[in-house]
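Asker: Before I ask anything, let me first share the structure, which is written out below as structure tokens.
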């Protein structure tokens, strides 16, 4: 039956003249990992809500006017550039010089949504960033087929397409701001975004998450959906769960709408589908959860008592602190690690900054082959390394 559904989807797309060889659609990976939502509260006794799963807990480091996201590997403008028209925002980012770097740009919608902190009320902004009173932040992504609408995050935590003329500078009444971003590592061009693994499983090659290909056949309330996900056995795996809202947002394809997912891999999703996430909307009653509307990929929220569709996920690297890889491959990191005195730096390093657990810089050096950490207190540190090509990498350092 499911094979028949997939064939029917392909036949319909071909008849419409819009068949794209999705199996060969490339994808650009600009982030190392997808960060957690920041939500820590417990809102149900049913297992599987957002706070029950800790994967990619956000860790930010502030260096003067920039914020370094150690999970995604992105560097952000700490204080946004203020309210402006979308077109001006794009040129503003391209002309920006900040933190010693000049390769700033406007973020994609996927990148922009990663810094939403769903553990905080309006504004859903991590403490590392300056609150400028913005209501929305622009992304570089236009709604496919409609160049008058651009995807933007909002201070309440969601994301969706908005008319460009809603902002004050374009004759509107709302405050759309721009926040620049740059990648600390070159992007990875993947030949395909998704891979059909068989057995009704789909692998996201950018996030390395594995998805259930077909939604649960019956719409469920939020808690019932959590129960179904917790007991699902599929493809030989039993560690399935309901995705958090940031994970769910990653299956949205910028080139698609009505629905916003690739039907070759997720043929169960229709334009009218609303998908549950495990993330609760922080409010007075906490009786709503974040959802994705599959028509355009809008991230919003709905009452937990309503019945929506469930698409389960598994995978993701649990939060761990390990320096084993650095010890085994000293040429790729710091050596020795842990350390008590001199620490050798990777070849080609032109600038190094060491941060403590509070995000404060405790050591800075340029054009050196090693650093001396003997005077530092024992504990965990984070090292930011810049090479001659202005590429940035971050790595942990343990001081004995």
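Residue numbers (our numbering): 1 to 400. We treat Cβ as the ideally placed atom computed from N, Cα and C, and that holds for glycine. Here the structure is a predicted model, which is why all the values come from computation and not from measurement.
#1: Going by DSSP in three states, residue 13 sits in which element: helix, strand or coil?
#2: Tell whether a beta-carbon distance below 9 Å holds between residue 174 and residue 138.
#3: With residue 277 as the anchor, note down where its beta strand (DSSP E) starts and where it stops.
#4: Can you say whether residue 265 is buried or exposed, counting buried as having 16 or more other CB atoms within 10 angstroms of its CB?
#5: Name the residue from 386, 79 and 35 whose alpha carbon lies nearest to the alpha carbon of residue 69.
#6: Evaluate residue 372 with the Cβ neighbour count: other Cβ atoms within 10 Å of its Cβ, from every protein chain shown; 16 or more gives buried, anything less gives exposed.
#7: Any beta carbon of chain C sitting closer than 9 Å to that of residue 395?
#8: Helix, strand or coil for residue 61 per DSSP?
#9: Since residue 342 is in the beta strand (DSSP E), which residue starts that stretch and which ends it?
#10: What number of angstroms, rounded off, separates the C-alpha of residue 213 from the C-alpha of residue 313?
#11: Mapping the DSSP letters down to three states, classify residue 218 as helix, strand or coil.
#12: Curious, which full-length alpha helix (DSSP H) runs of at least 4 residues does the segment 89 to 132 contain?
#13: Is residue 90 closer than 9 Å to residue 106 when the C-beta atoms are compared?
#14: How far does the beta strand (DSSP E) with residue 27 in it extend, from its first residue to its last?
#15: Identify the continuous beta strand (DSSP E) that holds residue 193 and give its terminal residues.
#16: Do residue 382 and residue 364 count as a contact pair if the criterion is CB distance below 9 Å?
#17: Put residue 369 into one of helix, strand or coil per three-state DSSP.
#18: Just the Cα atoms here: how many angstroms apart are residue 384 and residue 353?
#19: Taking all protein chains shown into account, decide if residue 236 is buried (16 or more other Cβ within 10 angstroms of its Cβ) or exposed.
#20: Do you know whose CA, among 78, 31 and 44, lies nearest residue 56's CA?
#21: Provide the residue span of the alpha helix (DSSP H) that contains residue 246, from first to last.
#22: CB-CB under 6 Å to residue 211, same chain, minus the five flanking residues each way: which ones, in chain order?
#23: Ordered along the chain, which non-local residues of its own chain (more than five positions away) have a Cβ less than 6 Å from that of residue 197?
#24: Pick from 276, 294, 300 and 282: whose alpha carbon is nearest that of residue 307?
#25: Per the DSSP calculation, residue 309 is bridged to which residue(s)?
#26: Quick one: grab the DSSP three-state call for residue 72.
#27: Unbroken beta strand (DSSP E) runs of length 3 or more, entirely within the segment 153 to 204: which are they?
#28: By DSSP, does residue 51 sit in helix, in strand, or in coil?
#29: Applying the criterion that 16 or more other CB atoms from any shown protein chain within 10 Å of the CB defines a buried residue, is residue 330 buried or exposed?
#30: Where does residue 224 sit, in a helix, a strand or coil, going by DSSP?
#31: Give me, in chain order, the residues of the same chain whose beta-carbon lies closer than 8 Å to that of residue 391; leave out the 5 immediate sequence neighbours on both sides.
#32: Are residue 181 and residue 76 closer than 9 Å when you measure CB to CB?
#33: Do residue 119 and residue 48 have their CB atoms nearer than 9 Å?
#34: Using C-beta distances below 6 Å, list every residue in its chain close to residue 104, excluding the 5 sequence neighbours before and after it, in chain order.
#35: With residue 280 and residue 291 assumed to form a contact (beta carbons below 8 Å), what rounded beta-carbon distance in angstroms separates them?
Answerer: Quick look at the numbers:
#1: A caution first: residue 13 carries a pLDDT of 45, below 50, which makes its placement in the model too unreliable to give a value.
#2: no
#3: 274 to 280
#4: buried
#5: The option with the nearest alpha carbon to residue 69 is 35.
#6: exposed
#7: Looking at the structure shown, chain C is missing, and only one protein chain is on hand.
#8: strand
#9: 342 to 344
#10: Distance between the alpha carbons of residue 213 and residue 313 is about 9 Å.
#11: Judged by DSSP in its simplified three-state form, residue 218 adopts coil rather than helix or strand.
#12: 109 to 113
#13: Their beta carbons are under 9 Å apart, which means residue 106 touches residue 90 by this criterion.
#14: 27 to 29
#15: For residue 193, there is no enclosing beta strand (DSSP E), since its DSSP letter is neither H nor E.
#16: no
#17: coil
#18: Note on geometry: alpha-carbon atoms of residue 384 and residue 353 lie some 5 Å from one another.
#19: Classified as exposed, residue 236 has fewer than 16 neighbouring CB atoms from the shown chains inside 10 Å of its CB.
#20: Here the closest residue by C-alpha is 31.
#21: 245 to 249
#22: 202 and 313
#23: 203
#24: 276
#25: 275
#26: Note: residue 72 maps to coil in three-state DSSP.
#27: 159 to 163, 181 to 183, 188 to 190, 194 to 198 and 201 to 204
#28: Helix, per DSSP.
#29: Below a pLDDT of 50, predicted positions are generally treated as unreliable, and residue 330, at 35, falls in that range; the measurement from the model is reported next regardless. Burial call: exposed.
#30: helix
#31: 184, 185 and 186
#32: The Cβ atoms of residue 181 and residue 76 lie closer than 9 Å to each other.
#33: no
#34: Closer than 6 Å at the Cβ level, and outside the excluded window around residue 104, lie 93, 96, 180 and 182.
#35: At roughly 11 Å, the Cβ-Cβ gap does not stay under 8 Å, so residue 280 and residue 291 are not in contact.
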